[in-house]
Amino acid sequence: MGPTSWGRWIRSPRVHELLTCRPVTVSERVMEYQESVDLVRLKVHGVLPDPNTETQIVILRDEQNADILPIWVGTAEGNAIRLALEGHVTPRPMSHDLIRSFADHLNIKVSRVVVTDVKNNTYYASIHFVSQGSERIVDSRPSDAIALALRTNSPIYVTQDVLKRRGGGNLDAWLGKLGAKNPDKYQA
Amino acid sequence: MLQMKVRGLMFDPYNNAYIVILRDEDTADMLPIWVGKSEASAISFALEGVAAPRPMTHDLMKSVLDTVDAKVISVVVTDLKDNTYYAKIHLQHEDSEFTVDSRPSDAIALALRTSTPIFADDEVIRKQASDELDQWLENLKPEDFGKYET
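So the sequences go chain by chain: Y and Z.
For the record, in the first sequence the residue sitting at position 166 is 197 according to our numbering, with numbers rising by one throughout.
For the record, in the second sequence the residue sitting at position 80 is 86 according to our numbering, with numbers rising by one throughout.
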């Protein structure tokens, strides 16, 4: 563990929280370290309609705004994410509100969601939650994972590997063209 | 309360929406519920027993419930106000039961995936003007049926 990564690890909010709230076990320290090395935390920057298709693009960015991960989703999925970003409360619960109320009743806490893989331009994700002290993981589409994370204030991560393998070529130029729609409006 | 079966799903060309038809097998009472495209597709996947390559939203819902051994006992369409239907999902977890508010489309999509009975309150059936429905159904052409996309 080099001085730089150690410094980053010790300053990460999650570690800080663990250090200040309760004793930390060795395995937790190892897990946290592993996490800070393998996973990159992302925030939802915005949801844009893709003018070329009937889909929407969820723009995820890392905390330094250095990396960007666009994920194409369907209209309904995009709307589910946009509603949560804008803090919009609908008269009747939407599907992800329903999942959150299940979680509330069942004493399940969503601890994080992770974009785990990309194959043929399709992204895969998992949702980690804690129930009665033990961690469970379920597979999910990234759109569901993100829609749920925003409703449960859970962190969103992507593996370094996926971030490296994301296609896109000249992404910034491409996003610049889309930028007319002003993604900052939805900045999380 | 009447136990309802999902009788079918059709496209409503006039409203550009989809209609889930619930029907009581004994009384032949029908309850049409208008839903959006993605809600209709969530229901049609379950009706046709098609497994999507990746878990859809209601598959995720089911797997969250499964991991903690929570069971869906029943779903009930409980109210109709200003042409909007309301539903409740009844669940059991360990020794306790609880009820969660839901849109009927979510309740039905989840019920079909968990083989859970679907009910409707008598009041809802009464409120829903069935004469109007019959008339409306008569005006539909055969080709309007089964026009939903998956």
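Using N, Cα and C, we set each Cβ at its ideal position, and we do this for glycine too.
None of these values were measured; they are calculated from a predicted model.
- Taking 8 Å as the cut-off, the Cβ atoms of V74(Z) and A113(Z) do not count as close.
- In the pairwise beta carbon analysis, the region 130-138 of chain Y is classified as touching the region 100-111 of chain Z: at least three pairs are separated by under 8 Å.
- The closest CA to that of L194(Y), considering only V146(Y), R167(Y), S165(Y) and T106(Y), is found on V146(Y).
- Inclusion of D93(Y) and Q87(Y) in the CB contact set at 8 Å is not warranted, their separation being larger than that value.
- Across the set S44(Z), D65(Z), D127(Z) and D18(Z), the C-alpha of D127(Z) shows the shortest separation from the C-alpha of D85(Z).
- Within 10 angstroms of the beta-carbon of R196(Y) lie fewer than 16 other beta-carbons, which makes it exposed.
- Excluding its 5 nearest sequence neighbours in each direction, Y188(Y) has C-beta neighbours in its own chain below 8 Å: E66, L70, V71, R72, L73, R143, V144, V145 and V146, listed in chain order.
- Only buried fits D128(Y), as 16 or more other CB atoms lie within 10 angstroms of its CB.
- Here V89(Y) is bridged, per DSSP, to V78(Y) and I102(Y).
- Straight across, the Cα-Cα distance linking T106(Y) with E85(Y) is about 7 Å.
- For H99(Z), a Cβ of chain Y is located within less than 8 Å of the residue's own Cβ.
- With a minimum length of 3 residues, the unbroken runs of beta strand (DSSP E) contained wholly in the region 76-116 of chain Z fall at 77-87, 90-99 and 102-108.
- Residues of chain Y with a Cβ closer than 7 Å to the Cβ of V106(Z) are, in chain order, L129, S132, F133 and H136.
- Shown here for P123(Z): same chain residues with a beta carbon closer than 6 Å to its own, the five before and five after excluded, namely Q9 and S80 in chain order.
- Q134(Z) is classed as buried because its beta carbon has at least 16 other beta carbons within 10 Å across all chains shown.
- When the five nearest sequence neighbours on each side are left out, the beta carbons in the same chain lying within less than 8 Å of the beta carbon of E166(Y) are those of S142, H159 and F160, in order along the chain.
- Sixteen is the threshold: when 16 or more other Cβ atoms of the shown chains lie within 10 Å of the Cβ of E45(Z), as they do, the residue is buried.
- Each of H76(Y), E117(Y) and Y155(Y) was checked against the Cα of S174(Y), and the nearest Cα belongs to Y155(Y).
- In this model, M16(Z) and K68(Z) are separated by some 25 Å (Cα to Cα).
- The three-state secondary structure of D148(Y), taken from DSSP, is strand.
- Among the residues facing chain Z, R167(Y) is included, as its CB has a counterpart in that chain under 8 Å away.
- For D85(Z), not one C-beta of chain Y is nearer than 8 Å to its own C-beta.
- By the Cβ neighbour-count rule, D65(Z) is buried, with 16 or more other Cβ atoms within 10 Å of its own.
- A straight-line Cα-Cα distance of about 21 Å links D192(Y) and S185(Y).
- At least 8 Å separates the beta-carbon of S162(Y) from that of D170(Y).
- Under the DSSP definition of a beta bridge, P38(Z) partners with I27(Z).
- Nearest to L100(Y) by alpha-carbon distance, out of V120(Y), H76(Y) and A115(Y), is H76(Y).
- Nearest Cα to R60(Z) within the set L179(Y), R123(Y) and D148(Y): D148(Y).
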